[in-house]
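Q:
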Amino acid sequence: MNMWLKKGRYLVLPIVVWFFYIGLAMHNYGYMRTGPEPQNYFRNLAHSILQGRLDIDCPKKSGCYDILIYKEKKYLYWPPAPALTFYLPIVAAMGEETPDKLISSLIGAFNVLFFSILILLFSRRFSIPISFAGIALLTLFWGMGTVHFYMSMKGSIWCMAQVCAQTFLLLSFVFALMRPSAWRVFCSGLFFGLACYTRNHLIFAAIPLIAVQWPMWKTEKRLLQFKTLVIFGIPFVAMSFANLWYNHARFGEYLNNGMEYQHMSTFLRDAFNEHGFFNTRYFTNNIWVQVLSPPIFSSSFPFFKIDVHGTGFSFFWASPLFVLIIPAFFYGAKELLVEKSKRLFSATDHLITGALLLAILGIATPIMLNIAPGWRQFASRYSLDYQLLMILIGLFLIKVWGDKKWFIPLCVVLVFLSVYINYFGAYMFLNLGEL
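Read in our numbering, the sequence shown has 822 at position 422, and its numbers run on one by one without any break.
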């Protein structure tokens, strides 16, 4: 009984966070947000698949923004994993009028639960001395102190794709950190593949996923180790072949996902025609918006403003706890310069932090070279794709500063400041009522 009570406590915070995601706990609002979202095209794709089609009927209310138009038919450029996994059974049961905001909030709440489990397993694997209270504080930060908060409330395809991708990525890490078995390795690979075919650049997450599991796969029989790696890769390879067919069935080319047919906003069209979707010319502006730019400060409560039609501000300003990542990188580099016998981190610690850093750089690079840093957002939503990996690197700071008197109070202050910014950011962005 005591064991189940201890495990059950990890459910409390996800449930509390869900009350905010669904709207019940938002002040001056207080009721459930269960309506459909016109711009959730995953629902429309699921409906089409049930009818044996790959094109969609675009809702008039959506404006058909970012839809691909090819031979007078409309398609999605987003990979189809969320439509096939989350929406296909829901649409089969309920039809096209799905409660997208409720669905999005539930997926977000499950992400919070999976995050708690991941931090528990990760800290155990790498001997990071974090208590249940510490895990709860970090989970509060993930659930309500990052852009995951407002994105879990939106329900549009832009936010839904990223929130679903985090579901798959979190589950992939959870299975990777469990006691190894062929089935768990396969599940880790399966959810990794689903993450990639929700957000393609998450393919770089394979680096830490394999780095986490590789020491457990070590065996005197090299063939067995290779077979385990193959088991992990089978789902991704299978999905890649399916994606080639998906492209060919729609556009007649295996490697063409139809991006040139996108019905994009007019403010991006000139840049696309001149420089394409990915170009080094976009790098400076993307770095400014996503990493450096501050919010619009105000003299009245809550002391900052947002432009709901703008590109928002950086994740460092939206989630100040991430500021601690900067000294973490410097400390990690310094560790490599001292003798091995004097290092605080083990060789395994250096392996996983190096793998996480490479994955962050790999995921962030196409984001920084993208034609736009995100639009109609309160803060940088693209950064959600690599924020989980940044948090995992930050966990190793507990080994460095965990016994310092100032460390925990500083973390608490930064977490609650992050929650403050994201709570009121979500409140204003979603226009939930008067402050």
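Glycine included, every Cβ here is placed at the ideal spot set by N, Cα and C.
(1) Taking buried to mean at least 16 other C-beta atoms within 10 Å of its own C-beta, is residue 812 buried or exposed?
(2) Taking the C-alpha atoms as reference points, what is the distance between residue 402 and residue 410?
(3) Does residue 581 pass the burial test, meaning 16 or more other C-beta atoms within 10 Å, or should it be called exposed?
(4) Going by CA-CA distance only, name the one from 661, 573, 607 that's closest to residue 473.
(5) Pull up the distance between the alpha-carbon of residue 438 and that of residue 555, whole angstroms please.
(6) Return the bridge partner residues of residue 513 from the DSSP annotation.
(7) Looking at the structure shown, is residue 470 part of a helix, part of a strand, or coil, going by DSSP?
(8) For my contact list, residue 796 and residue 528 are in at a C-beta cut-off of 8 angstroms; report their separation, rounded to the angstrom.
(9) To which residues does DSSP link residue 705 through a beta bridge?
(10) Could you check the C-alpha separation between residue 816 and residue 714 for me, to the nearest Å?
(11) Kindly identify the DSSP beta-bridge partner or partners of residue 456.
(12) When burial is assigned at 16 or more other CB atoms within 10 Å of the CB, is residue 841 buried or exposed?
(13) In whole angstroms, what is the alpha-carbon distance linking residue 588 and residue 572?
(14) On the DSSP letters alone, give me the boundaries of the alpha helix (DSSP H) that residue 675 sits inside.
(15) Run the CB neighbour count on residue 541, radius 10 Å, all protein chains shown included, and call it buried at 16 or more, exposed below.
(16) Is the stretch 679–698 in contact with the stretch 483–499, if contact means three or more CB pairs nearer than 8 angstroms?
(17) Measure the CB-CB distance between residue 711 and residue 775 and report whether it falls below 8 angstroms.
(18) Of the choices 503, 414, 431, 465, whose alpha-carbon is the least far from that of residue 668?
A: With the given structure in hand:
(1) Taking the sequence shown and counting its residues from 1, the one referred to as residue 812 is at position 412. It counts as exposed.
(2) Here residue 402 refers to the residue found at position 2 of the sequence shown. Here residue 410 refers to the residue found at position 10 of the sequence shown. Confidence at residue 402 is low in this model, with a pLDDT of 47, below 50, so its placement is unreliable and no value can be given for it.
(3) Locating residue 581 in the sequence shown gives position 181, counting from the first residue. Residue 581 should be labelled exposed.
(4) Position 73 of the sequence shown holds residue 473. Residue 473 has its Cα closest to that of 661, out of 661, 573, 607.
(5) Mapped onto the sequence shown, residue 438 falls at position 38. Mapped onto the sequence shown, residue 555 falls at position 155. For residue 438 and residue 555, the distance between alpha carbons rounds to 9 angstroms.
(6) By 1-based counting over the sequence shown, the position of residue 513 is 113. Answer by DSSP bridge pairing: none, since residue 513 is not bridged.
(7) Residue mapping note: residue 470 aligns to position 70 of the sequence shown, counting from 1. DSSP places residue 470 in strand when its eight states are reduced to three.
(8) As a first step, residue 796 is located in the sequence shown; it is residue number 396 there, counting from the start. As a first step, residue 528 is located in the sequence shown; it is residue number 128 there, counting from the start. Confirmed, Cβ separation roughly 7 angstroms.
(9) Your numbering for residue 705 matches position 305 in the sequence shown. Answer is 696, bridged to residue 705.
(10) To locate residue 816, count along the sequence shown from 1; it is residue 416. To locate residue 714, count along the sequence shown from 1; it is residue 314. One C-alpha to the other measures close to 18 angstroms.
(11) Position 56 of the sequence shown, counted from the first residue, corresponds to residue 456. Beta-bridge pairing links residue 456 to 474.
(12) Since the displayed the chain opens at 401 and closes at 835, residue 841 lies outside it and no answer follows.
(13) Here the question's residue 588 lines up with position 188 in the sequence shown. Here the question's residue 572 lines up with position 172 in the sequence shown. If I take the Cα positions, the gap works out to 4 angstroms.
(14) As a working note, residue 675 is residue 275 in the sequence shown. Unbroken alpha helix (DSSP H) run through residue 675: 666–675.
(15) Looking up residue 541 in the sequence shown gives position 141. With 16 or more Cβ atoms within 10 Å of its Cβ, residue 541 is classed as buried.
(16) no
(17) Position 311 of the sequence shown, counting from 1, holds the residue named residue 711. Position 375 of the sequence shown, counting from 1, holds the residue named residue 775. Cβ distance < 8 angstroms, so residue 711 and residue 775 count as in contact.
(18) Against the sequence shown, residue 668 aligns to sequence position 268. Ranking the options by Cα distance to residue 668, first place goes to 465.
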